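Quick note: the sequence shown uses full-length UniProt numbering, first residue 1, plus one each step. Yeah, the Cβ is synthetic: ideal placement off N, Cα and C, and Gly gets one too. Computed from a predicted structure; not experimentally measured. Structure first, commentary second.
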Amino acid sequence: MDGNLSNADGNLSNADGNLSDADGNLSNADGNLSDADGNISDADGNLSDADGNLSDADGNLSDADGNLSNADGNLSNADDNLSDADGNISNADGNLSVELKIKGSMEKCKGVGGRSVRISAGGDV
1 MDGNLSNADG NLSNADGNLS DADGNLSNAD GNLSDADGNI SDADGNLSDA
51 DGNLSDADGN LSDADGNLSN ADGNLSNADD NLSDADGNIS NADGNLSVEL
101 KIKGSMEKCK GVGGRSVRIS AGGDV
């Protein structure tokens with residue numbers, strides 16, 4: 001025995017009887033650091049995935065405010081496209097970008113010098 005507190009089931013606990021690691025930090029039943037509800041957290045109590053990366057309550061990577069982020073910590077929207085804090089899609093530098101979708105079939109356009117060109121697009125571009 002190391003003299004660590006334990007609960008009635010013999011699991012390590014803090015003084016309030018919450019599950020804890022050996023240092024008294026809250027943990028879930030798997031020994032991962034957690035908040036009081038048993039959600040995995042980092043040492044500061046921020047929600048995290050099992051590796052200690054910040055996450056939202058569903059285990060998706062996030063920043064400290066709970067905004068979704070990609071594996072590099074860049075903010076992203078729910079589809080893992082890079083985004084600003086409002087979920088607007090952005091590039092890696094944080095500049096806003098747009099997702100272009102062109103629908104249609106063969107279209108006749110005037111090219112440079114008055115020449116006719118044909119373009120065809122469908123789906124995502």
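With 16 other Cβ atoms within 10 Å as the buried cut-off, status of residue i
{"i": "LEU19", "result": "buried"}
{"i": "LEU96", "result": "exposed"}
{"i": "ASN91", "result": "exposed"}
{"i": "SER6", "result": "exposed"}
{"i": "ASN39", "result": "buried"}
{"i": "VAL125", "result": "Below a pLDDT of 50, predicted positions are generally treated as unreliable, and VAL125, at 45, falls in that range; no measurement from the model is reported."}
{"i": "ASP37", "result": "exposed"}
{"i": "GLY17", "result": "exposed"}
Strand pairing of residue i, partner residues [DSSP]
{"i": "SER97", "result": "Paired residue(s): none; SER97 is not in a bridge."}
{"i": "LEU33", "result": "SER27"}
{"i": "LEU5", "result": "The partner list for LEU5 (beta bridge, DSSP) is empty, contrary to what the question assumes."}
Residue j beta carbon less than 7 Å from that of residue i
{"i": "ASP80", "j": "ASN70", "result": "yes"}
{"i": "ALA57", "j": "ASN32", "result": "no"}
{"i": "ASN53", "j": "LEU47", "result": "no"}
{"i": "GLY82", "j": "ASN74", "result": "Correcting the residue type first, residue 82 is Leu in the shown sequence and not Gly. Against a cut-off of 7 Å, the Cβ pair of ASN74 and LEU82 comes out as a contact."}
{"i": "SER27", "j": "ASP35", "result": "no"}
Member of the options whose CA lies at the smallest distance from the CA of residue i
{"i": "ALA85", "options": "ALA78, ASP93, ASN67", "result": "ASN67"}
{"i": "ASN25", "options": "ASP9, GLY10, ASP42", "result": "ASP42"}
{"i": "ALA29", "options": "ASP93, ASP72, ASN11, ASN4", "result": "ASN11"}
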